[in-house]
Structure formats: structure tokens, C-alpha cells
Amino acid sequence: MNFIKFYMKNLKKFAVFSLAILAIQPLFKNHIFPQVNAAQNQEIAIKFIGQVGNQPFRCGNNYNLGKPATTVTPLDFRFYVSDITLIDNNNKAIPLSLTQDGKWQYQNVALIDFENKTGACANGTEETRDLVVGTLPQGKYKAIKFTLGLPENLNHEDSTLAPSPLNLTSLWWSWQFGYKFARIDFAFSAKTQSTGKHQNQTNQHKHGEKEQSNSFLIHLGSTGCQAETSSQKPITKCRNPNTSTITLTDFEPSKNAIIVDLAKLLSNTDLSRNQANTSPGCMSEPNDKDCTGIMATLGIPFGGKISVQQTLFSVK
Numbered sequence: 678m679n680f681i682k683f684y685m686k687n688l689k690k691f692a693v694f695s696l697a698i699l700a701i702q703p704l705f706k707n708h709i710f711p712q713v714n715a716a717q718n719q720e721i722a723i724k725f726i727g728q729v730g731n732q733p734f735r736c737g738n739n740y741n742l743g744k745p746a747t748t749v750t751p752l753d754f755r756f757y758v759s760d761i762t763l764i765d766n767n768n769k770a771i772p773l774s775l776t777q778d779g780k781w782q783y784q785n786v787a788l789i790d791f792e793n794k795t796g797a798c799a800n801g802t803e804e805t806r807d808l809v810v811g812t813l814p815q816g817k818y819k820a821i822k823f824t825l826g827l828p829e830n831l832n833h834e835d836s837t838l839a840p841s842p843l844n845l846t847s848l849w850w851s852w853q854f855g856y857k858f859a860r861i862d863f864a865f866s867a868k869t870q871s872t873g874k875h876q877n878q879t880n881q882h883k884h885g886e887k888e889q890s891n892s893f894l895i896h897l898g899s900t901g902c903q904a905e906t907s908s909q910k911p912i913t914k915c916r917n918p919n920t921s922t923i924t925l926t927d928f929e930p931s932k933n934a935i936i937v938d939l940a941k942l943l944s945n946t947d948l949s950r951n952q953a954n955t956s957p958g959c960m961s962e963p964n965d966k967d968c969t970g971i972m973a974t975l976g977i978p979f980g981g982k983i984s985v986q987q988t989l990f991s992v993k
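Laid out in C-alpha cells, this is it:
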């Protein structure tokens, strides 16, 4: 009873004291413990720019690409990136936590899509995506590292059941439950076809691709994947993962963008010819010499080479 009387008598003092505590709380937080703010995350957007030499990528444009130069028009330009990390000024690698938007990004994977279903890009989508969005601790960053391709645990899912952006059947090989990490396709221009400057005929299509003798298709994915049937996941890791680890220095997310240059991709490839009895272009098969220059540009060892330096991606 005495406690109740004491509490009621000093109720106003307790209220004033509580208000005072609330008033100084921000000051207490910001100045006595400044490390609380330092640990907060920042949202960043990493921008990718599709280019063809010094020209912007456009689905409806014609480009002179390859060696020797061949006139082609784009059919597709999409690829997956994963495991993105930023390197801070102390050389510490900080993983980027991707925003789970239910469309372009899932777990640690993001889809970059430069085509917009105009021109010859009929197999694509109207929407484009040139950003990867996520959060990481506040700080200064000087480099970026990411993988071109999918991690092993996501590479052999059923695209008809998978969440977006892993649900695009056009980026999936039905023959072995594997994804196309990149799909970069071209058709020969009407002028090139009329002059007969390409010899892109083939009699065999191992991956179930539609026969397109007037095209050069680049589909990057894992090969040498052993499975009991073509509709099951591989029982062991694929012999040729065909993923590429990309490291770019002098990169600050707030100042720089990543250039993806198709002219460099095809700088050592003759688009006018296709190896006999192989699919048109490069389908990542280890015996397809049409892949030699392309894989080198992507930084993927191919044809007995142990290591190569990628040149497709650069910093702007």
C-alpha cells in the first residue's frame, strides 16, 4: 500500500524522466555508439551496358562482327551472373546480398537482359534489365568480382517449375536439365545471305536447337554432364562447368558501369564458317572449334588451354 501511494505521488516525475530518456536517445545512439551507424547497410545498383564496339546494342541494328567482318543482326543478348562480391579498400571481399524481387534476381543469381523483342529478337521479352541491385555494408569499394553462369546447386533445376528468373525455357537446355548461362545469337543480314559469304550449313544438332543455317548462335552452358536419362539431373559434377570468374579493378559502384562488348566477344571468330556436323555457332561442345575464340574472350579454358584472360567485360 505504501508503494502505491509513493508511485501515485511521484507519477508526474516518472513521466518527465521517461520523456527525457526518449529525447536524448538519438544523441546517445549517434555520439556515444557511432559504430551502430557504421554497421548499417547501403543499397547499391550495379549497371551493365551492352555495346558493340563503340555503338550501343540494339536488336534492330546490323553490325559488322568477327574476323573477317561479317554483317549480322542480333537475335538475343541475355546472361546470368552470380556470386557477386565487392572488394573494399582493405582487400576484403564483401558479398552483395541481392534484393529478392521475384523477377530478375533469385538467391545469389541475377539475369541481365539487353534484348527487347524488337527487330529480329523475337524469342526474347519486351522488358529489359541492365542492373543488379543489392545491399552491402557501408564503405569504400575498389573492385568487383562475379561469376558468369549459375552455381552448381541451381544449374540443373526444371525451368518449368523454377522461380523467376530461372523459369525462362529459352535459357534452358531440355536435353540435360541444364541452363544456358548466356544466349547471344545472331542472324546473317539479307545482304550477307544474298552474296553467299557465309557457309554455315550443318547436318547435326545435338542440343535440339532448331535448324538455322543462316544464323550464328552462342549458347554457353555446362557440358560433359553424366545423367541416367536426359530428363534427370547429372549424377556427378559436369566435366566442363564452363563458368567464368570475372574480376574488374578500379570499379566503384556509384561511379562506374560494366561494359559488355560483343565486338570483343567475336573478335577472333569467323562467323562466315561453321564446323561440319556441329550446331550453328557455338553450343559449348568441347570438340567444336567454332567456340575457340569465344571461350577465350569469356575467360574459359577450352581446347587444352589451362587458363585465359577474359576481355568481354570492362569498366567504364
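Counting in the working numbering, the sequence shown runs from 678 upward without gaps.
Glycine residues also receive a C-beta, built at the ideal position from the N, C-alpha and C atoms.
Quantities reported herein were computed from a predicted structural model and do not represent experimental measurements.
Can residue i and residue j be called in contact, C-beta distance under 9 Å?
{"i": "GLN719", "j": "PRO814", "result": "yes"}
{"i": "ASN917", "j": "PRO963", "result": "yes"}
{"i": "VAL749", "j": "SER866", "result": "yes"}
{"i": "LEU825", "j": "TYR783", "result": "no"}
{"i": "ASP965", "j": "THR974", "result": "no"}
{"i": "VAL910", "j": "PHE863", "result": "Note that residue 910 corresponds to Lys in the displayed sequence, not to Val. Cβ atoms of LYS910 and PHE863: not closer than 9 Å."}
{"i": "ALA859", "j": "ILE895", "result": "yes"}
{"i": "CYS915", "j": "ASN832", "result": "yes"}
{"i": "GLY980", "j": "ILE923", "result": "no"}
{"i": "LEU773", "j": "THR747", "result": "no"}
{"i": "PHE893", "j": "ASN951", "result": "yes"}
{"i": "SER949", "j": "THR900", "result": "no"}
On a CA-only basis, which of the options is nearest residue i? Give me that one, please.
{"i": "ILE935", "options": "GLN717, ILE821, THR747", "result": "ILE821"}
{"i": "LYS819", "options": "THR795, PHE756, ILE764, GLN777", "result": "ILE764"}
{"i": "SER921", "options": "MET960, LYS941, LEU989, LYS914", "result": "LEU989"}
{"i": "ILE676", "options": "PRO733, PRO772, LEU775, PHE791", "result": "In the structure as shown, the chain starts at 678 and stops at 993, and residue 676 therefore has no counterpart that could be examined."}
{"i": "SER847", "options": "PRO828, GLY898, ASN951", "result": "GLY898"}
{"i": "ASN767", "options": "ILE977, HIS833, GLY816", "result": "GLY816"}
{"i": "ALA799", "options": "HIS833, LEU752, LEU788", "result": "LEU752"}
{"i": "SER1006", "options": "ARG735, GLN732, LYS744", "result": "The structure shown has nothing for residue 1006, since the chain only spans 678 to 993."}
{"i": "VAL810", "options": "THR747, LEU838, LEU775", "result": "LEU775"}
{"i": "ASN739", "options": "GLY970, CYS915, GLY796", "result": "GLY796"}
{"i": "ILE721", "options": "ILE977, GLU929, ASP967, GLY980", "result": "GLU929"}
{"i": "THR802", "options": "PRO978, PHE754, LEU742", "result": "PHE754"}
{"i": "THR946", "options": "GLY737, LEU742, ARG735, PRO733", "result": "LEU742"}
{"i": "ARG735", "options": "LYS794, ILE789, LEU948", "result": "LYS794"}
{"i": "LEU788", "options": "ASN919, LYS857, GLU829", "result": "LYS857"}
{"i": "PRO828", "options": "TRP850, ASP967, SER851, ASN919", "result": "ASN919"}
{"i": "SER759", "options": "TRP849, ASN731, TRP850, ASN830", "result": "ASN830"}
Drop a sphere of 10 angstroms on the beta-carbon of residue i, count the other beta-carbons inside from all chains shown, and report buried for 16 or more, exposed for fewer.
{"i": "MET972", "result": "buried"}
{"i": "ASP835", "result": "exposed"}
{"i": "LYS932", "result": "exposed"}
{"i": "ILE983", "result": "exposed"}
{"i": "ILE761", "result": "buried"}
{"i": "PRO957", "result": "buried"}
{"i": "GLN986", "result": "exposed"}
{"i": "SER994", "result": "The chain is shown from 678 up to 993; residue 994 falls before or after that span and cannot be answered."}
{"i": "THR926", "result": "exposed"}
{"i": "ALA770", "result": "exposed"}
{"i": "LEU838", "result": "exposed"}
{"i": "ILE723", "result": "buried"}
{"i": "ASN737", "result": "Rather than Asn, the amino acid found at residue 737 in this sequence is Gly. Label assigned to GLY737: exposed."}
{"i": "THR913", "result": "exposed"}
{"i": "HIS708", "result": "Summary for HIS708: the model assigns pLDDT 42, below 50, so the residue's position carries little reliability; its value from the coordinates is reported in the next sentence. Exposed, since its Cβ has fewer than 16 Cβ neighbours within 10 Å."}
For residue i, does the three-state DSSP call read helix, strand or coil?
{"i": "SER984", "result": "coil"}
{"i": "CYS968", "result": "helix"}
{"i": "ASN741", "result": "strand"}
{"i": "LYS932", "result": "coil"}
{"i": "ALA904", "result": "coil"}
{"i": "THR974", "result": "helix"}
{"i": "ASN830", "result": "helix"}
{"i": "LEU838", "result": "coil"}
{"i": "ALA799", "result": "coil"}
{"i": "LEU925", "result": "strand"}
{"i": "LEU948", "result": "coil"}
{"i": "SER673", "result": "With the chain covering 678 to 993 only, the question about residue 673 has no answer from this structure."}
{"i": "LEU773", "result": "coil"}
{"i": "LEU897", "result": "strand"}
{"i": "LEU620", "result": "Absent from the model: residue 620. The displayed extent of the chain is 678 to 993, so no value can be given."}
{"i": "PRO918", "result": "coil"}
{"i": "LYS910", "result": "coil"}
Okay, do the segment 927-941 and the segment 720-735 touch, 3+ Cβ pairs below 8 Å being the bar? yes
Between the segment 771-781 and the segment 803-813, can you find at least three pairs of beta-carbon atoms closer than 8 Å? yes
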